[in-house]
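Peer 1: Here it is, the structure in full.
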Amino acid sequence: MLMRVIDTNPQMTQRELSSHLGLSLGKINFLMKAMIEKGFVKANNFKNSNNKIAYLYYLTPRGIEEKAKITYRFLKLKLAEYERLEEEIRQLEQEVNSKQFPVK
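Counted from 1, the sequence shown has number 133 at position 5 by our numbering; the numbering is strictly sequential.
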């Protein structure tokens, strides 16, 4: 989720990321440092309108590739979960339709 937010909102501060994702600022800082060390994220600094140093975070090509892999794995898991739920619903409908359960 963090990579997706960074990809779409590179100007978000760590404090804003923390609030948006419901994670502590310390956790966001830890994750950002780890992603920068792994080469998934790059941080560029600039002076904002308050003349303070701020950062733009953006995904590197390696980060984009990693995000795609994570998204693919997540999608596979959710599709398998969806198929299991569909089968369970089908079985429950059969049980109800075969009058194994009296409906009031």
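Every residue, glycine too, gets a C-beta built ideally from N, C-alpha and C.
As the structure is a computational prediction, the values presented were derived from the model and not from experiment.
Give me, in chain order, the residues of the same chain whose beta-carbon lies closer than 8 Å to that of Leu149; leave out the 5 immediate sequence neighbours on both sides.
Peer 2: Answer for Leu149: Met129, Leu130, Val133, Ile156, listed in chain order.
Peer 1: Taking the beta carbon of Leu145 as the centre, do at least 16 other beta carbons fall within 10 Å, making it buried, or is it exposed?
Peer 2: Under this definition Leu145 is a buried residue.
Peer 1: Please report the distance separating the alpha-carbon of Leu260 from that of Asn173.
Peer 2: No information on residue 260 is available, as it lies outside the stretch 129 to 232 that the chain covers here.
Peer 1: Helix, strand or coil: which one does DSSP assign to Leu151?
Peer 2: Reduced to three states, the DSSP call for Leu151 is coil.
Peer 1: Is the Cβ-Cβ distance between Gly191 and Val169 less than 8 Å?
Peer 2: It is a contact, given that the beta carbons lie within the stated cut-off.
Peer 1: Taking the C-alpha atoms as reference points, what is the distance between Met163 and Glu214?
Peer 2: Spanning the two alpha carbons is a distance of roughly 37 Å.
Peer 1: Looking at C-alpha atoms only, which residue of Lys206, Lys166, Ala171, Glu211 is the closest neighbour of Tyr185?
Peer 2: Ranking Lys206, Lys166, Ala171, Glu211 by Cα distance to Tyr185 puts Ala171 first.
Peer 1: Beta-carbon within less than 8 Å of Leu153's beta-carbon, same chain only, minus the 5 sequence neighbours each way: which residues are those?
Peer 2: Taken in chain order, the residues that qualify are Gln142, Arg143, Ser146.
Peer 1: Do you know whose CA, among Lys197, Leu159, Gln139, lies nearest Pro189's CA?
Peer 2: Considering only alpha carbons, the answer is Lys197.
Peer 1: Do Asp135 and Lys195 have their beta-carbon atoms positioned less than 8 Å apart in this structure?
Peer 2: Contact: yes.
Peer 1: Between which residues of its own chain and Tyr183 is the CB-CB distance below 6 Å, once the five residues before and five after are set aside?
Peer 2: Result list for Tyr183: Ala171, Asn173, in chain order.
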